[in-house]
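*Asks:* I have a structure here, written as structure tokens, and I will follow up with some questions on it.
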Amino acid sequence: MAPRKNFRNQAKKEVKPAAVVNKNGVKVEASVAASSGGFSGTKIFTWFMVLALLGVWSSVAVVWFDLVDYDNVIERAKEFRFNFSEVLQGKLSAYDADGDGDFDVEDAKVLLGLKERPVSVSLREAKEESAVKEPDAVPPPDDDVDGSQNTDVESEIQAAVSLPPILDDFIPDDSRDDATHPYEDENDAIDTKGELVEKAQPQQTLEESKQYNNQPGSPETKETVQLRYNAEAESVPEPEADVEPEVESVPEPEADVEPEVEADVEPEVESVPELEAKFVPELKENAEDHPKDQLKEKAKKKKPKLLNKFEKTIKTEIDAAEKLRKKGKVEEAVRAFETLVLQYPQSPRCRYGKALAEDGLAEKMLSNDMLQKAIGTYKEASELPNATPDLIKATLKKRAERQQFLGRMRGALATLEKLVQIFPEDMALKNDLGVAHLLIGDNNSAKRVYEEVLATAPSDGFAKVHYGFILKSENKIAESIPFLRDGLESGDPGTDDGRFYFHLGDALQRMGDDSAYKWYERGHQRGHFASVWQRSLYNVDGLKAQPWWTPKDTGYMDLVKTLERNWRIIRDEAQSVMDKTTGLFVPEEENLREKGEWGQFTLWQQGKKAGESCRSVPKTCGLLERYPEATGCKRGQIKFSVMQPGTHVWPHTGPTNCRLRMHLGLVIPKTGCKIRCTNDTRAWEEGKVLIFDDSFEHEVWQDADSYRLIFIVDVWHPELTQYQRQTLSPI
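Each residue of the sequence shown is one higher than the one before, counting from 777 in this note's numbering.
Structure representation (structure tokens):
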């Protein structure tokens, strides 16, 4: 017995807690024993917490009695973010749902959805939340266990945060036979003007932009009698097939095919902002002249139908390939459409998609060869049987555009003639055909086309401005004015062009009508002219603009001094070739004279020597050889100018702000000769150089008793960089 007693006593000794000092400084035992057989303080606290927890969950169980679903309770606890550590720490007030200060059965009913939350509590919490909530700090919606969102929270987020825009970079075909586009008439997919909702031109590269926009047409250029959209790059020789006058017939759709009204894919559909940028600005200018409903009608375009009946069955495959092209994956798109063409060789839509993809790849590669391949594929697509009328039209229009881009004007003309033969009622196509005639300088054919258009559609603004332009080129000034004016006032697409404002104002000036400056001002407001005075059409932005310049301003002091020191040598050579029998001086051909005689002898044109002209004046040409700012000026000329008495030159402007013009006086009568630039009039002096910017309006009078002879030297604007001088297109 002793060992057991010793062991017991030893155990008691080992576990006896150390004495501690209480707040009064008296040593006491760390734990106080209860009465014999009683509970310690630790045990009492433990049992208290056990009972408390049992009470909490008993309260929940009481609510449901024998309907308790413990799994659901656990899930709801998760849903309401129960934190059991907080429960153990006595922080039950955080889940006080009914606002009575504790967590009890009523709180459980609210949290379990069996009882509604008191309105007073909800309002109080809403005020507290709004007082501290940041306006932009919106919590994400809680996801339910099954992945669905709480609709109340979601609706709050939608109200507070705008949803991201839906990207609409691809519009699929609608294969349903009776599907309709909201703007599409049920029985006709082509509007009254025959215009498709088709992207007129893909976003242009730098070279493309130059080729499309280099359009000399001002009175200062020889090409003023025609609209030119010259390509800056060398044109590839046209195959004879493109210039054949014969127009191949295209098979009509089968008679038993019902009119299709599905919303087909438009491979070149412009987005709404692009359409607004393309059409709306042209209408806004004259919005006061048109009722709102007319403007809306102009802007509304119908969607073309490009799928035949068979192609609707392979629509998904076409859509997949088309989506690649829309996303800019042109190489993959070409391969995808090539596969479709192999599978469905008689599908016009697959062939058209292949052509569009090749077109996009040509732009990406800057390859004329690839573009020529696309032009061939466009033709193939248009000639396949069962091609829809809309697809034929879209395909051949695109083909003509790309032919013009490559400078193949006669090939484009043949394509447009075919289009007009297939769609004789489409005035827009006839308008395009008229432009094609103008592009090759055939004004008479263009005039006949526009007369046909105006006989059928007398209010067609596009036809009016072009017809007026042709009349003015024929020097029928008075007759041209109403057509130019009415066409511009129509606001029709294609009429808001600086050339038409330019020529209307010029015609009015020649008729003595001061309203010319109203049209110049409107052209300036539309962004076509730098100012009412400076009306050149082919400009580089940001260049210093002033009508008169000093030699110091230009920085070409050495050239000016050379001209002035050697003016007699230059004069003598000019006089030696003035004999009319030599034919070196030719009459001015730009229709700038009101009356009189004005002859010119050109040495350099567009940065190149003009034939063998320098052989007749070798000393003059030798003086200029070392001044590339003059001889290399691709937008200027170097020439002699002789004007006989009684000559008057209409007010006019040059075509570009990229050059300055030097006049060296050689033979100047004492009185009667003067030149006005803007509102400043000056006179020449023999042996002196006058410098002005001829992109500003200027006018010349020669009322002396003898001829006036000057030497004209155009130079690059001094602020142009070397790169710009090398890359700007010639004029």
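Just so it is clear, CB atoms sit at the ideal spot from N, CA and C, and this is done for glycine as well.
Going by alpha carbons, who is nearest to S1471 out of A1150, G1244, L1436 and L1399?
*Replies:* Residue mapping note: residue 1471 aligns to position 695 of the sequence shown, counting from 1. Closest by alpha carbon: L1436.
*Asks:* Take L1496 as the anchor and find which of G1408, F1416 and Q1420 has the nearest alpha-carbon.
*Replies:* In the sequence shown, the residue the question calls residue 1496 occupies position 720. Here the closest residue by C-alpha is G1408.
*Asks:* Label Q1413 either buried or exposed according to how many other C-beta atoms from any shown protein chain fall within 10 Å of its C-beta, with 16 as the threshold for buried.
*Replies:* Counting from 1 along the sequence shown, the entry for residue 1413 is found at position 637. When all chains shown are included, Q1413 counts as buried.
*Asks:* What separation, rounded to the nearest whole angstrom, lies between the Cα atoms of I1151 and G1270?
*Replies:* Taking the sequence shown and counting its residues from 1, one reaches residue 1151 at position 375. Taking the sequence shown and counting its residues from 1, one reaches residue 1270 at position 494. Cα-Cα distance, rounded: 24 Å.
*Asks:* For the alpha helix (DSSP H) holding G1441, just list the boundary residues, first then last.
*Replies:* Numbered from 1 along the sequence shown, position 665 holds the residue referred to as residue 1441. Per DSSP, G1441 belongs to no alpha helix (DSSP H); it is in the beta strand (DSSP E), R1435 to V1443.
*Asks:* On the three-state DSSP scale, how would you describe R1275?
*Replies:* As a position in the sequence shown, residue 1275 is number 499, starting the count at 1. Three-state result, R1275: helix.
*Asks:* Leaving out five residues before and five after Y1185 in sequence, what residues of the same chain have Cβ atoms less than 8 Å from its Cβ?
*Replies:* In the sequence shown, residue 1185 corresponds to position 409, counting from 1. It should be pointed out that residue 1185 corresponds to Met in this sequence rather than to Tyr. Only Q1179, A1212, L1215 and I1216 meet the Cβ criterion.
*Asks:* Does the distance from the C-beta atom of T1423 to that of G1372 stay below 7 Å?
*Replies:* As a first step, residue 1423 must be located in the sequence shown, where it is residue number 647. As a first step, residue 1372 must be located in the sequence shown, where it is residue number 596. Yes.
*Asks:* In whole angstroms, what separates the C-alpha of N1062 from that of I1090?
*Replies:* Working through the sequence shown from its first residue, we reach residue 1062 at position 286. Working through the sequence shown from its first residue, we reach residue 1090 at position 314. Confidence is the limiting factor: at N1062 the pLDDT is only 43, short of 50, which leaves the residue's position unreliable, though a coordinate-based value still follows. Between N1062 and I1090, the C-alpha separation is close to 46 Å.
*Asks:* What residue range is occupied by the uninterrupted alpha helix (DSSP H) comprising F1199?
*Replies:* On the sequence shown, residue 1199 is found 423 positions in, with the first residue counted as 1. Careful: F1199 lies outside any alpha helix (DSSP H) and carries neither H nor E.
*Asks:* State the beta-bridge partners of C1453 as determined by DSSP.
*Replies:* Position 677 of the sequence shown, counting from 1, holds the residue named residue 1453. According to DSSP, C1453 bridges with D1456 and H1474.
*Asks:* When you compare the region 1129-1140 with the region 1089-1107, are there three or more beta-carbon pairs, one atom per stretch, that lie closer than 8 Å?
*Replies:* Yes, the region 1129-1140 is in contact with the region 1089-1107.
*Asks:* Residue range of the alpha helix (DSSP H) that L1167 falls in?
*Replies:* Taking the first residue of the sequence shown as position 1, residue 1167 is located at position 391. First-last of the alpha helix (DSSP H) with L1167: P1165 to F1181.
*Asks:* Quick check on S1158: buried or exposed, where buried means 16 or more other Cβ atoms within 10 Å of its Cβ?
*Replies:* Stepping through the sequence shown from its first residue, residue 1158 is reached at position 382. That one is buried.
*Asks:* Between the C-alpha atoms of P1494 and Q1500, what's the straight-line distance to the nearest angstrom?
*Replies:* In the sequence shown, the residue the question calls residue 1494 occupies position 718. In the sequence shown, the residue the question calls residue 1500 occupies position 724. If you take the alpha carbons of P1494 and Q1500, they lie about 11 Å apart.
*Asks:* Would you kindly check if the distance between the Cβ of N1084 and the Cβ of T1164 is under 7 Å?
*Replies:* Within the sequence shown, residue 1164 is the residue found at index 388, counting from 1. Within the sequence shown, residue 1084 is the residue found at index 308, counting from 1. Yes.
*Asks:* Let me make sure I understand the geometry here. Which of Q1122, P1124 and I1094 has the alpha-carbon closest to that of R1111?
*Replies:* As a working note, residue 1111 is residue 335 in the sequence shown. R1111 has its Cα closest to that of I1094, out of Q1122, P1124 and I1094.
*Asks:* Rounded to whole angstroms, how far is the Cβ of L1519 from the Cβ of F1487, which I believe are closer than 8 Å?
*Replies:* Absent from the model: residue 1519. The displayed extent of the chain is 777 to 1507, so no value can be given.
*Asks:* Could you give the residue range of the beta strand (DSSP E) that holds I1414?
*Replies:* By 1-based counting over the sequence shown, the position of residue 1414 is 638. Unbroken beta strand (DSSP E) run through I1414: Q1413 to M1419.
*Asks:* For R780, is the classification buried or exposed, using 16 other Cβ atoms within 10 angstroms of its Cβ as the cut-off for buried?
*Replies:* To locate residue 780, count along the sequence shown from 1; it is residue 4. Low local confidence applies: a pLDDT of 40 at R780 is under 50, so the model's placement there is unreliable, with the coordinate-based value given in what follows. Label assigned to R780: exposed.
*Asks:* Give me, in chain order, the residues of the same chain whose beta-carbon lies closer than 6 Å to that of L1137; leave out the 5 immediate sequence neighbours on both sides.
*Replies:* Start at 1 with the first residue of the sequence shown, and residue 1137 comes out as number 361. For L1137, where only same-chain residues beyond five positions count, the Cβ hits under 6 Å are V1106, V1110 and M1146.
*Asks:* Let's see if you can read the secondary structure: which residues bound the alpha helix (DSSP H) around K1086?
*Replies:* As a first step, residue 1086 must be located in the sequence shown, where it is residue number 310. Note that residue 1086 corresponds to Phe in the displayed sequence, not to Lys. Unbroken alpha helix (DSSP H) run through F1086: K1085 to T1089.
*Asks:* So, at 6 Å on beta carbons, what are the nonlocal neighbours of P1427 in its own chain, with the 5 sequence-adjacent residues on each side left out?
*Replies:* Stepping through the sequence shown from its first residue, residue 1427 is reached at position 651. Within the same chain, P1427 has close Cβ partners Q1285, E1473 and E1475.
*Asks:* What separation, rounded to the nearest whole angstrom, lies between the Cα atoms of E1340 and V1225?
*Replies:* On the sequence shown, residue 1340 is found 564 positions in, with the first residue counted as 1. On the sequence shown, residue 1225 is found 449 positions in, with the first residue counted as 1. Their backbone Cα atoms lie some 53 Å apart in a straight line.
*Asks:* Pick helix, strand or coil for E1250, following the three-state DSSP scheme.
*Replies:* One-based indexing of the sequence shown puts residue 1250 at position 474. In the structure shown, E1250 sits in coil (DSSP, three-state: anything other than H, G, I, E or B).
*Asks:* For the beta strand (DSSP E) that contains T1378, what are its first and last residues?
*Replies:* Here the question's residue 1378 lines up with position 602 in the sequence shown. Residues W1374 to Q1381.
*Asks:* So, under 8 Å CB-CB, R1511 and L1195 are touching, yes? Tell me the CB distance rounded to an integer number of Å.
*Replies:* There is simply no residue 1511 to check, as the chain begins at 777 and stops at 1507 in what is shown.
*Asks:* Beta carbon of W1325, beta carbon of L1440: below 7 Å?
*Replies:* On the sequence shown, position 549 is the one that residue 1325 refers to. On the sequence shown, position 664 is the one that residue 1440 refers to. No, they are not a contact pair.
*Asks:* What does the alpha-carbon distance come out to for the pair I1345 and K1395?
*Replies:* Here residue 1345 is taken as the residue at index 569 of the sequence shown, counted from 1. Here residue 1395 is taken as the residue at index 619 of the sequence shown, counted from 1. Each residue's Cα considered, the two are about 7 Å apart.
*Asks:* Name the residue from L1247, T1232 and A1292 whose alpha carbon lies nearest to the alpha carbon of S1221.
*Replies:* On the sequence shown, position 445 is the one that residue 1221 refers to. Measuring from the Cα of S1221, the nearest candidate turns out to be L1247.
*Asks:* Quick one: give me the first and last residue of the beta strand (DSSP E) that V1491 is part of.
*Replies:* For this step, residue 1491 is matched to residue 715 along the sequence shown. Note, V1491: beta strand (DSSP E), R1484 to W1492.
*Asks:* Would you mind giving the Cβ-Cβ distance between T1115 and E1134, rounded to the nearest angstrom? I have them listed as a contact below 8 Å.
*Replies:* As a working mapping, residue 1115 is identified with position 339 in the sequence shown. As a working mapping, residue 1134 is identified with position 358 in the sequence shown. Between E1134 and T1115 the Cβ distance is about 14 Å, and since that is not below 8 Å, they are no contact.
*Asks:* May I have the straight-line CA-CA distance separating G1463 from G1274, to the nearest angstrom?
*Replies:* The residue labelled residue 1463 in the question sits at position 687 within the sequence shown. The residue labelled residue 1274 in the question sits at position 498 within the sequence shown. Spanning the two alpha carbons is a distance of roughly 38 Å.
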